[in-house]
Amino acid sequence: MNKLSYIFNQLIRIIILIPVLGYTQTENLNETEQLALRGNLQQEFLSLYDQERFQQSIVPAKKIVTLTQEIYGENNFRLITPLNNLASAYYMVEDFENAQASFLQCIDLIEANQNIISPELISPLYGFALTLNRSGQYETAITILERALRINHVNQGFHNLDQLKIHDTLTESFIGVKNFEQANHHQTFQVFVNKKHFGVNNSMVDESLIKLSSWYKRTGQIFLEREVHDELLERQTNRTTDQIKPLIETYKNISFSHRREGVDIYQSLSPLKQALEKINAMENTDLFLKFEVLLDLGDTYTSYGRVQSGMRAYEECWNLIDEDPGMSQLIKERFSRPVKIRNILLPGIYPLPEVGEENEADQTGYISLRYAIDVNGKTANIEVIESDPEGFIDRVAVSAIKKTVYRPVYIEAEPQESSDINFRHEFLYSIGSKGKKSNEPEAEEELEDKPLENPIA
């Protein structure tokens, strides 16, 4: 054996022996020393976990489990928290297999040491369901989460706040199985819980309503979103002690929900003008709030094709610098780049399957375009740089870019053109549809003031 081989073999022996020695050292400690070591390891784990160093936190978490087993035995209830912590660390590094194993071991221990409706079951059941959602096992996750919810209700009553995170995760599970009625239920039920817990008129309920409106916005349920904002507006205007900022935000949200529909410019503008009246009536006008509303006002006018009115609103934004020079940096930054205010989305699957038709799209295509933006926020000089399959989605993509509207760049209150704006979109398609190029003649341009077709900004 040469010297290099000898050194290599010795290193291998050291690597193998180190963990063994570390393990045997804990066996030689008395119980008091083991408990002290366990406490130190717990502090190390918590410190690493709080710092989001999840991979490193697994090492002390595993040692705590082993040490707890040595001190108390393999089926002792004191293993519940260490196993739950270890499972949580595995989950955070997306090691779902080990996370599930630890959560299940924790669940078995609780059921063996306590009972099948113990409140301690909620945490590992919830954690286990999270791993199932992440791995796409939504049906199983629903079963687990519904059990956790029943245990929560048995132990804490029907209106406790601890159940809310279970409802949120159930929402994601029901989205996974495309049961949107149940997904909606688990969001709306949270408002009911908050009203029962705090009282119907308590301002704490507003947070749950804002959360519900965000859910409706995320899922494109514009009418239901606006209903929630209307309820919020009524609650906020009936109070005399509320701060003005949440009220202004509600006005802005109502305006934006109408703008997304693109049907009635008056319905979009009215809430913003009411918000400006509230701000101007303040003893000390909040110029930052006023700027945000004026910016929305300009975007709304522009998105409906009222370009000159939009420019006047943007000009008012710049005039605020005269009232407070400290706002200069904020205003210049917000106008420093073009911002989409009417965004026509390209399909993620093309062509879209007919109703009832099975989606067979399994190939990835893409298209890259370049275009300019004029001083009115309109796109111009649109050109396809590259597309694969060639010519497949080109007409649809060019049409979408043509209908997209921007807030243009402004420098010292003057609108500027922007050039060389690059855009890339990926989509799925099926081999069978590859030959069907989007070469039909394009429809005539819309009139300037015609209502928009669902501009999602």
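Going from the sequence shown to this note's numbering is simple: count from 1 and add 109. Here a beta-carbon is modelled for each residue, glycine too, at the ideal position from N, C-alpha and C. All values reported here derive from a predicted model rather than from experimental measurement.
query	result
Going straight from the alpha carbon of Leu378 to that of Gln345, what length do you get?	20 angstroms
Mind checking which residues open and close the beta strand (DSSP E) that includes Ser312?	Taken as a continuous stretch (DSSP letters only), Ser312 belongs to no beta strand (DSSP E), as it is neither H nor E.
Would you list the residues sitting across from Tyr475 in a DSSP beta bridge?	Asp497 and Glu535
Among the candidates Asn362, Ala422 and Glu229, whose CA atom is the shortest distance from the CA of Pro524?	Ala422
Please report the residue range of the alpha helix (DSSP H) in which Ile510 lies.	Asp503 to Lys512
Looking at C-alpha atoms only, which residue of Ser317, Asn347 and Thr349 is the closest neighbour of Glu334?	Ser317
Between which residues of its own chain and Glu193 is the CB-CB distance below 8 angstroms, once the five residues before and five after are set aside?	Correcting the residue type first, residue 193 is Asn in the shown sequence and not Glu. Closer than 8 angstroms at Cβ, skipping near neighbours: Ser211, Phe212, Cys215, Ser232, Pro233 and Gly236.
With distances taken Cα to Cα, identify the nearest neighbour of Arg446 among Ile363, Glu206, Ser527 and Lys305.	Ser527
So, are the CB atoms of Pro228 and Asn185 less than 8 angstroms apart?	no
May I ask you to check if the CB of His534 is nearer than 7 angstroms to at least one heavy atom of the ligand NAP?	Summarising the ligand content, the structure contains no ligands, and the ligand NAP is consequently not present.
For Ile260, count neighbouring Cβ atoms within 10 angstroms of its own Cβ and tell me buried if that reaches 16, exposed if not.	buried
How about the segment 449-463 and the segment 532-543: do they share at least three Cβ pairs that are nearer than 8 angstroms?	yes
Keeping to the same chain, check which residues put their C-beta closer than 6 angstroms to that of Ser244; ignore five residues upstream and five downstream.	Phe205
Mapping the DSSP letters down to three states, classify Asn242 as helix, strand or coil.	helix
Can you check DSSP and say which residues form a bridge with Glu523?	Ile520
For the structure I just gave you, are there three or more beta carbon pairs, one from the segment 361-378 and one from the segment 322-334, closer than 8 angstroms?	yes
Which value, in whole angstroms, describes the spacing of the CA atoms of Ala489 and Gln472?	31 angstroms
Round the Cβ separation of Leu620 and Leu188 to the nearest angstrom and send it over; I've been treating them as touching at under 8 angstroms.	Shown here, the chain extends from 110 to 566; a query on residue 620 therefore has no answer.
Could you pull the start and end residues of the beta strand (DSSP E) that Val448 belongs to?	Val448 to Arg451
Let me confirm a value: Asp405 is counted as buried when at least 16 other C-beta atoms fall within 10 Å, else exposed. Which label applies?	buried
Mapping the DSSP letters down to three states, classify Ala210 as helix, strand or coil.	helix
Any chance you could list the alpha helix (DSSP H) runs of at least 4 consecutive residues sitting entirely within the segment 352-395, in chain order?	353-370 and 374-389
What residue range is occupied by the uninterrupted alpha helix (DSSP H) comprising Val416?	Val416 to Glu432
Mind checking Ile430: buried by the 16 CB within 10 Å criterion, or exposed?	buried
I'd like the list of long-range same chain contacts for Lys305, defined as Cβ closer than 6 angstroms, with 5 residues on each side in sequence excluded.	His268
So, at 6 angstroms on beta carbons, what are the nonlocal neighbours of Asp376 in its own chain, with the 5 sequence-adjacent residues on each side left out?	The residue asked about is misnamed: residue 376 is Gln in this sequence, not Asp. Cβ within range, chain order: His367.
Tyr199 lies in the alpha helix (DSSP H); which residues open and close that run?	Ile189 to Met201
Report yes if the C-beta distance between Asn452 and Thr411 is below 8 angstroms; otherwise report no.	no
Could you tell me the alpha carbon to alpha carbon distance between Lys487 and Tyr515, rounded to whole angstroms?	6 angstroms
Would you call Asp271 buried or exposed, if buried means 16 or more other Cβ atoms sit within 10 Å of its Cβ?	exposed
Flag this pair as yes or no: are the beta carbons of Val300 and Leu273 separated by less than 8 angstroms?	no
Can you list, in chain order, the residues of its chain with a C-beta nearer than 8 angstroms to that of Val484? Leave out the 5 residues immediately preceding and following it.	Pro517, Pro524, Gln525 and Glu526
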